[in-house]
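Visitor: Chain order of the listed sequences is A and B.
158 is the number that the UniProt record's numbering gives to position 158 of the first sequence; each next residue is one higher, with no gaps.
154 is the number that the UniProt record's numbering gives to position 154 of the second sequence; each next residue is one higher, with no gaps.
Built from N, CA and C at the ideal position, the CB exists for glycine as well.
This is the structure I want to talk about, given as structure tokens.
2 protein chains.
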Amino acid sequence: LKNVLIVYAHQSSGSFNAAAKDVAVEVLKASGCTVDVSDLYAINFKATATVEDITVGVKDPDCFCYAEETKLAWERNELSSDITKEQCKLKKADLVIFQVFPMYWFSVPAIMKGWIDRVLTLGFAFSPEKCYGEGFFKDKMAMLSFTTGSHQSMFSANAINGDMNITLWPLQNGILHYCGFKVLAPEIFWAPAHVSRSECSTMLNHWRIRLGSLMSEKPLVFPPLDYFEKETGFQLKPEIIEKFATKEYGLAVGVHQGKKVPLNNQIAPNQNFTTSCRT
Amino acid sequence: LKNVLIVYAHQSSGSFNAAAKDVAVEVLKASGCTVDVSDLYAINFKATATVEDITVGVKDPDCFCYAEETKLAWERNELSSDITKEQCKLKKADLVIFQVFPMYWFSVPAIMKGWIDRVLTLGFAFSPEKCYGEGFFKDKMAMLSFTTGSHQSMFSANAINGDMNITLWPLQNGILHYCGFKVLAPEIFWAPAHVSRSECSTMLNHWRIRLGSLMSEKPLVFPPLDYFEKETGFQLKPEIIEKFATKEYGLAVGVHQGKKVPLNNQIAPNQNFTTSCRT
């Protein structure tokens with residue numbers, strides 16, 4: 001039995017995003033999962049990271065540092081209840097699905113960014129010592145499921161919005177993978193507002209079918225933590241650079257090593273680095 | 001005489017970010033600019049994009065679409081006053097500086113994302129027909145000025161956080177350049193929390209000196225709009241692909257064409273594409 005948390009951000013129950021969320025709830029429950037939904041607009045989730053997130057006095061009010069102060073508050077059980085409630089849901093989740101319209105300016109909307117800023121507390125969700133492959137949530141999976149405003153063609157490496165893989169890197173590497181999550185390939189619904197109802201149905205149906213075996217999917221591949229050397233500020237180890245020296249493509253979108261960006265690195269699970277043949 | 005708007009997001013007046021903002025106000029005023037500051041935490045800026053942003057009834061409450069409804073409201077002067085106030089400041093600004101701790105999860109904090117989501121209204125700040133080089137704000141400049149939590153070494157193309165240029169692309173291309181802004185190179189304050197007071201002073205001093213001639217800086221270079229063909233979903237025109245076929249590097253971080261990502265494309269103004277020699 002698996003637990004799924006859907007963090008959902010759309011203002012309207014009549015939206016395509018709502019339909020995508022509903023399909024996920026339905027299919028996952030039918031396959032025996034328990035499903036929790038955090039409907040951020042419905043609960044009027046507070047987006048901004050403020051001193052009020054700490055229920056008791058702060059340590060240094062004159063030079064308030066949100067990360068440090070909330071870490072202390074988390075240790076002392078002094079975080080505001082809306083945060084701890086989400087942290088409880090997150091703790092028991094095996095899979096977290098972020099269901100949104102993230103292409104609100106090439107990222108998630110503010111209310112979801114607020115969930116990320118406030119719920120993923122230092123100490124609870126990450127620490128500089130326990131990040132990426134060693135992150136606290138390494139036994140959990142997470143994924144983005146989102147609609148875009150533009151057609152797929154505009155998000156290619158030859159098009160004006162640029163490669164969608166680049167846009168996804170800060171979200172999937174910098175947030176999800178940073179906390180240790182195994183990141184499943186994103187479910188991208190291309191421009192539902194600009195296509196026919198039947199194309200929308202086709203997209204939802206694809207999602208429905210995928211959901212049936214989501215739990216057994218292979219995650220996206222990120223360079224493992226032990227490729228990097230702590231002493232040099234987490235640079236690739238010389239032997240790793242050497243090992244992949246003749247490869248045409250870099251190891252990941254961000255860790256591209258001055259080489260070509262590996263194709264669909266943030267959209268589809270590649271094969272293992274050592275065996276991959278991405279030409 | 002130039003008008004500058006500083007959109008500022010930090011909770012504490014004792015922070016390094018506050019100092020960076022204060023230096024900007026001081027130097028820009030001394031050089032004859034008028035300076036407006038939107039201190040988002042101080043004014044408790046609403047971050048979430050909700051139906052309350054429209055003062056009169058909405059067109060389609062059952063299937064509320066934020067972008068469309070706020071476009072209508074903007075045309076009819078029916079946006080909430082906190083939004084129109086910011087839009088007035090933005091309208092008269094020649095330069096907008098976003099002063100933040102954006103490496104809140106590899107992006108801007110939710111309160112600033114909220115400013116972006118809510119103030120940059122469809123019709124006012126962009127339209128699908130008037131975007132990028134033809135965007136409404138093409139006579140304005142904008143830039144990011146931010147602190148990081150990690151050292152610079154961790155944001156290289158060989159390091160675990162990945163190339164900072166990749167992280168900046170969605171923000172600088174997808175938000176600033178999308179609205180037409182000429183984007184000045186970002187001012188990055190690397191890990192002020194982890195370096196000595198004197199190194200912090202050095203960084204602030206660098207910023208102070210740069211501010212003196214900020215208005216005459218050359219902006220970052222993005223592929224111009226006429227490189228793309230509207231009919232093919234804004235793909236690069238065949239003749240442009242042909243023209244740059246022998247180049248080792250792609251045109252931009254996102255528009256990398258399956259080639260190497262051009263070095264420091266989002267951090268420093270490159271030379272013109274045709275004459276550049278980036279080896």
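What residues from chain A crowd round PHE106/B, counting only those whose CB sits closer than 9 Å?
Guide: Counting from 1 along the second sequence, the entry for residue 106/B is found at position 106. Those within 9 Å of PHE106/B in chain A are TRP169, PRO170, LEU171, ASN173, GLY174, ILE175, TYR178.
Visitor: To which residues does DSSP link ASN173/B through a beta bridge?
Guide: Here the question's residue 173/B lines up with position 173 in the second sequence. None, per the DSSP bridge assignment.
Visitor: Do you know offhand how far MET141/B's Cα is from GLU187/B's?
Guide: In the second sequence, counting from the first residue as 1, residue 141/B sits at position 141. In the second sequence, counting from the first residue as 1, residue 187/B sits at position 187. The straight-line gap from Cα to Cα measures roughly 14 Å.
Visitor: Among all the DSSP beta bridges, which residues are the ones paired with LEU95/B?
Guide: Locating residue 95/B in the second sequence gives position 95, where the first residue counts as 1. Note: LEU95/B sits in a beta bridge opposite VAL4/B, MET141/B.
Visitor: Against chain C, does LYS259/A count as a neighbour if the rule is that its beta carbon must be under 8 Å from one of theirs?
Guide: The question asks about chain C, but that chain is absent: this structure's protein chains are A and B.
Visitor: Give the interface partners of ASN270/A over in chain B, defined as CB-CB distance under 9 Å, in chain order.
Guide: In the first sequence, the residue the question calls residue 270/A occupies position 270. By Cβ distance, chain B contributes nothing, its closest Cβ being about 15 Å from ASN270/A, past 9 Å.
Visitor: Would you say the region 100–114 of chain B touches the region 78–89 of chain B, given that touching needs at least three Cβ pairs under 8 Å?
Guide: no
Visitor: Mind listing the chain B neighbours of THR39/A? Cutoff is C-beta to C-beta under 7 Å, in chain order.
Guide: Reading the first sequence from its first residue, position 39 is the one you call residue 39/A. The displayed chain sequence assigns Asp, not Thr, to residue 39/A. The contacting residues do not exist; ASP39/A stays about 13 Å from chain B at best.
Visitor: Whole angstroms are fine: how far does the CA of ALA20/B sit from the CA of TRP207/B?
Guide: Stepping through the second sequence from its first residue, residue 207/B is reached at position 207. Stepping through the second sequence from its first residue, residue 20/B is reached at position 20. Cα to Cα, TRP207/B sits roughly 8 Å from ALA20/B.
Visitor: Based on DSSP bridge pairs, tell me the residues matched to THR34/A.
Guide: Counting from 1 along the first sequence, the entry for residue 34/A is found at position 34. DSSP output for THR34/A lists ASN3/A as bridge partner(s).
Visitor: For ALA157/A, which three-state DSSP category applies?
Guide: Taking the first sequence and counting its residues from 1, the one referred to as residue 157/A is at position 157. The answer is coil: DSSP assigns ALA157/A none of H, G, I, E or B.
Visitor: If you measure between the beta carbons of PHE228/B and LEU220/B, is that distance less than 8 Å?
Guide: Along the second sequence, one-based indexing puts residue 228/B at 228. Along the second sequence, one-based indexing puts residue 220/B at 220. Cβ distance not < 8 Å, so PHE228/B and LEU220/B don't count as in contact.
Visitor: Compare the C-alpha of ALA185/A against each of VAL261/A, LEU122/A, LEU95/A and name the closest.
Guide: Position 185 of the first sequence, counted from the first residue, corresponds to residue 185/A. The shortest Cα separation from ALA185/A among VAL261/A, LEU122/A, LEU95/A belongs to LEU95/A.
Visitor: Quick check on the burial criterion: 16 or more other C-beta atoms within 10 angstroms. Buried or exposed for LYS46/A?
Guide: The count along the first sequence starts at 1 and reaches residue 46/A at position 46. Result: buried.
Visitor: Just to confirm before moving on: does the CB-CB distance between HIS177/A and PHE146/A stay below 8 Å?
Guide: Here residue 177/A is taken as the residue at index 177 of the first sequence, counted from 1. Here residue 146/A is taken as the residue at index 146 of the first sequence, counted from 1. No, they are not a contact pair.
Visitor: Name the chain B residues whose beta carbon is nearer than 7 Å to that of HIS206/A?
Guide: To locate residue 206/A, count along the first sequence from 1; it is residue 206. HIS206/A does not reach chain B, its nearest Cβ partner there being about 21 Å away, counting only Cβ pairs nearer than 7 Å.
Visitor: By the 10 Å Cβ neighbour count, where 16 or more other Cβ atoms means buried, how is HIS10/A classified, buried or exposed?
Guide: By 1-based counting over the first sequence, the position of residue 10/A is 10. That one is buried.
Visitor: So with Cβ pairs under 8 Å, would you call ARG278/A a contact of chain B?
Guide: Reading the first sequence from its first residue, position 278 is the one you call residue 278/A. Low confidence applies to ARG278/A: its pLDDT is 41, below 50, so where it sits in the model is not reliable, and the reading given next is rough at best. Chain B, which has no Cβ nearer than 8 Å to the Cβ of ARG278/A, makes this no.
Visitor: Using a Cβ-Cβ cut-off of 6 Å (strictly less than) and excluding sequence neighbours within five positions of GLY149/B, which residues of its own chain qualify?
Guide: In the second sequence, the residue the question calls residue 149/B occupies position 149. MET103.
Visitor: What does GLU187/A pair with, by DSSP beta-bridge criteria?
Guide: Residue numbering aside, residue 187/A sits at position 187 when the first sequence is read from its first letter. Note: GLU187/A sits in a beta bridge opposite SER145/A.
Visitor: Name the residues in the region 110–133 of chain B whose C-beta lies less than 7 Å from a C-beta of chain A; which are they?
Guide: Taking 7 Å as the cut-off between beta carbons, the residues of the region 110–133 of chain B near chain A are ALA110, ILE111, LYS113, GLY114, ILE116, ASP117, TYR132, in sequence order.
Visitor: Mapping DSSP to helix, strand and coil, what is GLN152/A?
Guide: Translated into the one-based positions of the first sequence, residue 152/A becomes position 152. GLN152/A falls in the helix class under three-state DSSP.
Visitor: So with CB distances below 8 Å, who are the chain B contacts of LEU236/A?
Guide: By 1-based counting over the first sequence, the position of residue 236/A is 236. Against chain B, the beta carbon of LEU236/A has neighbours under 8 Å at ASN158, ALA159, listed in chain order.
Visitor: Beta-carbon of TYR8/A versus every beta-carbon of chain B: anything under 8 Å?
Guide: Against the first sequence, residue 8/A aligns to sequence position 8. Output row for TYR8/A: interface = no.
Visitor: Would you mind telling me which residues of chain A sit closer than 8 Å to MET154/B, beta carbon to beta carbon, in chain order?
Guide: Here residue 154/B refers to the residue found at position 154 of the second sequence. The answer, in chain order, is GLY233, PHE234.
Visitor: I'd like to know if THR50/B contacts chain A, where contact means its C-beta is closer than 8 Å to some C-beta of that chain.
Guide: In the second sequence, residue 50/B corresponds to position 50, counting from 1. Judged by the 8 Å Cβ criterion, THR50/B is in contact with chain A.
Visitor: LEU144/A: which of ILE175/A, SER127/A, GLU134/A, GLY135/A sits nearest, CA to CA?
Guide: Along the first sequence, one-based indexing puts residue 144/A at 144. In terms of CA proximity to LEU144/A, ILE175/A leads the group ILE175/A, SER127/A, GLU134/A, GLY135/A.
Visitor: Would you please verify whether the beta carbon of PHE64/A is less than 8 Å from any beta carbon of chain B?
Guide: The residue given as residue 64/A occupies position 64 in the first sequence. Taking Cβ atoms only, chain B reaches closer than 8 Å to PHE64/A, which makes this a yes.
Visitor: Given that ASP163/A touches chain B, what residues does it touch there, using C-beta distances under 7 Å?
Guide: For this step, residue 163/A is matched to residue 163 along the first sequence. Near ASP163/A (Cβ distances below 7 Å), the residues of chain B are GLY254, HIS256.
Visitor: Beta carbon of HIS256/B, beta carbon of GLY233/A: below 8 Å?
Guide: Within the second sequence, residue 256/B is the residue found at index 256, counting from 1. Within the first sequence, residue 233/A is the residue found at index 233, counting from 1. No, the pair does not count as a contact, with Cβ atoms beyond the cut-off.
Visitor: Measure the beta-carbon distance from VAL119/B to LEU72/B and round it to whole angstroms, keeping in mind my assumption that it falls under 8 Å.
Guide: Walking along the second sequence from the start, residue 119/B turns up at place 119. Walking along the second sequence from the start, residue 72/B turns up at place 72. The Cβ separation is near 17 Å, so there is no contact.
Visitor: Is the region 30–42 of chain B close to the region 26–41 of chain A, with three or more CB pairs under 8 Å?
Guide: no
Visitor: Anyone know if the C-beta pair for PHE16/A and CYS131/A falls short of 8 Å?
Guide: Working through the first sequence from its first residue, we reach residue 16/A at position 16. Working through the first sequence from its first residue, we reach residue 131/A at position 131. It is not a contact, given that the beta carbons lie outside the stated cut-off.
Visitor: Can you give me the Cβ contacts of PRO224/B inside the same chain, cut-off strictly under 6 Å, excluding the 5 residues immediately before and after it?
Guide: Within the second sequence, the letter at position 224 stands for residue 224/B. Correct list, in chain order: GLY133.
Visitor: Are the beta-carbon atoms of SER107/B and LEU40/B separated by less than 8 Å?
Guide: Stepping through the second sequence from its first residue, residue 107/B is reached at position 107. Stepping through the second sequence from its first residue, residue 40/B is reached at position 40. No, these two residues do not count as a Cβ contact at 8 Å.
Visitor: Do you know how far the Cα of LYS243/B is from the Cα of VAL27/B?
Guide: For the purposes of this step, residue 27/B is taken as residue 27 along the second sequence, with counting starting at 1. For the purposes of this step, residue 243/B is taken as residue 243 along the second sequence, with counting starting at 1. VAL27/B and LYS243/B: Cα-Cα distance of roughly 43 Å.
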